[in-house]
Every structure is written in C-alpha cells, then in structure tokens.
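One structure below.
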Amino acid sequence: MKFLKTSLVIVSSLGLIFLGACSGGNQATNSESASKTATTETAAQTEPVAKTGEAHNENEGHAHDEKDGHSNSGEHKGQVIESGKYHLEFKPDIKQDSTHLNISLHGEQDKAITDAKLTAQVQLPDGSNKTLQVPYNTEEKQYTAKLPATATGEYKIVIQTDVKGKKFNGRFTFKR
Numbered sequence: 455m456k457f458l459k460t461s462l463v464i465v466s467s468l469g470l471i472f473l474g475a476c477s478g479g480n481q482a483t484n485s486e487s488a489s490k491t492a493t494t495e496t497a498a499q500t501e502p503v504a505k506t507g508e509a510h511n512e513n514e515g516h517a518h519d520e521k522d523g524h525s526n527s528g529e530h531k532g533q534v535i536e537s538g539k540y541h542l543e544f545k546p547d548i549k550q551d552s553t554h555l556n557i558s559l560h561g562e563q564d565k566a567i568t569d570a571k572l573t574a575q576v577q578l579p580d581g582s583n584k585t586l587q588v589p590y591n592t593e594e595k596q597y598t599a600k601l602p603a604t605a606t607g608e609y610k611i612v613i614q615t616d617v618k619g620k621k622f623n624g625r626f627t628f629k630r
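The opening position of the sequence shown corresponds to residue 455 in the working numbering, with each subsequent residue numbered one higher.
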C-alpha cells in the first residue's frame with residue numbers, strides 16, 4: 455500500500471512538471487505571436503493601404519465637384535488613405551503614352567496642404583522600380599507627376615510624404 459501511494463505521488467508530480475513545461479512553451483509561442491501582431495499593427499499605422507471609392511461626409515471641409523475627383527455624392531473616385539490627421543488621395547489618369555499621377559493631400563479640418571514634399575516609388579509590372587518627385591501643381595490644385603511607362607499590368611506605388619518633418623507613406627496600386 456505504501457508503494458502504491460509513493461508511485462501515485464511520483465506519477466502526479468511528473469504529470470504536473472510535464473503540464474508546466476507544455477504551458478511554458480505555449481507562453482513563448484503566444485508572446486512571439488503577440489510580438490508579430492504588434493509589429494504588423496505598427497506597420498499598418500505607418501503605411502496605410504488605399505481604399506478605393508471611400509465614401510465620407512459632405513461636411514468634411516473640402517469641395518466636392520467633378521474637377522477635383524469627387525462626385526456630388528461625396529464619394530472619392532480615387533484611392534484614399536487616412537494617416538493620423540492626414541488624408542491622401544491618389545488618382546491615376548491613364549493616357550496613351552504615359553500615366554499622370556494625381557495626388558491630393560489634406561490635413562486638419564480637411565484643409566489642402568500645398569507645401570509638402572512627395573516622392574513616388576513605383577514598381578512597374580516587369581518588377582523594375584522608378585522614383586518620381588511629385589510637385590504641387592497650382593493650376594490643378596493637387597500634386598502631379600507624369601509616369602512615362604506604357605507596360606500593361608499592375609503598378610504598385612508608395613507615396614512618401616513629408617509635411618514639415620512629419621513623414622508617412624501610403625501604398626496604392628492601379629492596372630494599366
């Protein structure tokens with residue numbers, strides 16, 4: 455009987471040690487997953503991905519007419535990202551010999567920002583890369599650049615934005 459009690463205590467102790475070891479391994483795995491999730495969330499905050507045709511309230515502070523790429527219903531015709539207090543809208547205008555990159559940038563209370571520095575990093579369908587400076591065009595009241603590429607396929611664009619030292623990126627795509 456004494457042997458049976460001793461065996462039961464030993465088996466129980468080994469079982470608890472085994473369970474402790476298993477749950478400790480899960481904690482390490484869970485902390486790795488949490489770390490990866492936090493990194494992904496941080497990347498998502500610094501490089502928002504565009505949403506096409508995002509609807510928003512008419513009373514957000516900027517005009518909605520056909521010339522600036524908005525419909526009268528308040529829906530954007532371009533791809534839109536929000537990064538903190540900034541609103542970045544990308545509209546490609548595909549021509550026979552090139553594509554015009556049209557970008558609108560708004561800040562607090564949706565006021566147009568005209569003094570930012572924008573750079574477009576473009577990945578062409580063949581995998582090659584092209585960098586374009588995107589200056590503000592006062593006539594069109596938006597940032598514009600001409601991409602002299604005519605290849606058919608998907609173009610991936612990262613717009614690097616610097617507004618008085620505040621930097622953020624937006625990712626966009628379009629097909630030609």
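Every residue, glycine too, gets a C-beta built ideally from N, C-alpha and C.
Since the structure is predicted, the reported quantities are computational estimates derived from the model, not experimental observations.
ask   = Should E543 go down as buried or exposed, given a rule of 16 or more other Cβ atoms within 10 Å for buried?
value = Taking the sequence shown and counting its residues from 1, the one referred to as residue 543 is at position 89. Buried.
message = Using the three-state DSSP reduction, which class does T460 fall into: helix, strand or coil?
response = Stepping through the sequence shown from its first residue, residue 460 is reached at position 6. Note: T460 maps to helix in three-state DSSP.
message = A605 and R625 - do their beta-carbons sit closer together than 8 Å?
response = By one-based count along the sequence shown, residue 625 stands at place 171. By one-based count along the sequence shown, residue 605 stands at place 151. Contact flag unset, no.
key: Euclidean distance between Cα positions of D444 and K545   = Examination of residue 444 is not possible in this model, given that the chain is present from 455 through 630 alone.
ask   = Does DSSP classify I613 as helix, strand or coil?
value = Against the sequence shown, residue 613 aligns to sequence position 159. I613 falls in the strand class under three-state DSSP.
query = Does Q550 come within less than 8 Å of chain D when only Cβ atoms are used?
reply = The structure shown has no chain D; it contains just one protein chain.
query = Of the choices Q575, K620, G581, whose alpha-carbon is the least far from that of L601?
reply = The count along the sequence shown starts at 1 and reaches residue 601 at position 147. Minimum Cα distance to L601 is reached at Q575.
inquiry  = Using only the alpha-carbon positions, how far apart do K531 and N623 sit?
reply    = For this step, residue 531 is matched to residue 77 along the sequence shown. For this step, residue 623 is matched to residue 169 along the sequence shown. Straight-line Cα distance between these residues: approximately 20 Å.
inquiry  = Which of the three DSSP states is assigned to Q563 in this structure?
reply    = Against the sequence shown, residue 563 aligns to sequence position 109. Three-state result, Q563: helix.
ask   = Going along the chain, which residues of its own chain have a beta-carbon closer than 7 Å to the beta-carbon of L578, five neighbours each way excluded?
value = For the purposes of this step, residue 578 is taken as the residue at position 124 of the sequence shown. Cβ neighbours of L578 beyond the five flanking positions: K584, A603, A605, Y609.
key: beta strand (DSSP E) runs contained entirely in the region 526–598, provided each spans 3 or more residues   = 533–537, 540–548, 553–560, 571–577, 583–588
task = Measure the alpha-carbon distance for H541 versus D580 and round it to whole angstroms.
result = The sequence position of residue 541 within the sequence shown is 87, counting from 1. The sequence position of residue 580 within the sequence shown is 126, counting from 1. Looking at the two C-alpha atoms, the distance is approximately 30 Å.
request  = Give the DSSP bridge partners of G624, in chain order.
outcome  = Taking the first residue of the sequence shown as 1, we reach residue 624 at position 170. Paired residues: I613.
ask   = In this structure, what does DSSP give as the bridge partners for K629?
value = Here residue 629 refers to the residue found at position 175 when the sequence shown is read from its first residue. According to DSSP, which records beta bridges pairwise, K629 is partnered with E608.
query = Exposed or buried, which one is I548 when buried takes at least 16 other CB atoms within 10 Å?
reply = Locating residue 548 in the sequence shown gives position 94, counting from the first residue. Looking at its Cβ environment, which holds fewer than 16 other Cβ atoms inside 10 Å, I548 is exposed.
key: Backbone CA spacing between F457 and I464 [nearest angstrom]   = To locate residue 457, count along the sequence shown from 1; it is residue 3. To locate residue 464, count along the sequence shown from 1; it is residue 10. Computed Cα separation, rounded: 11 Å.
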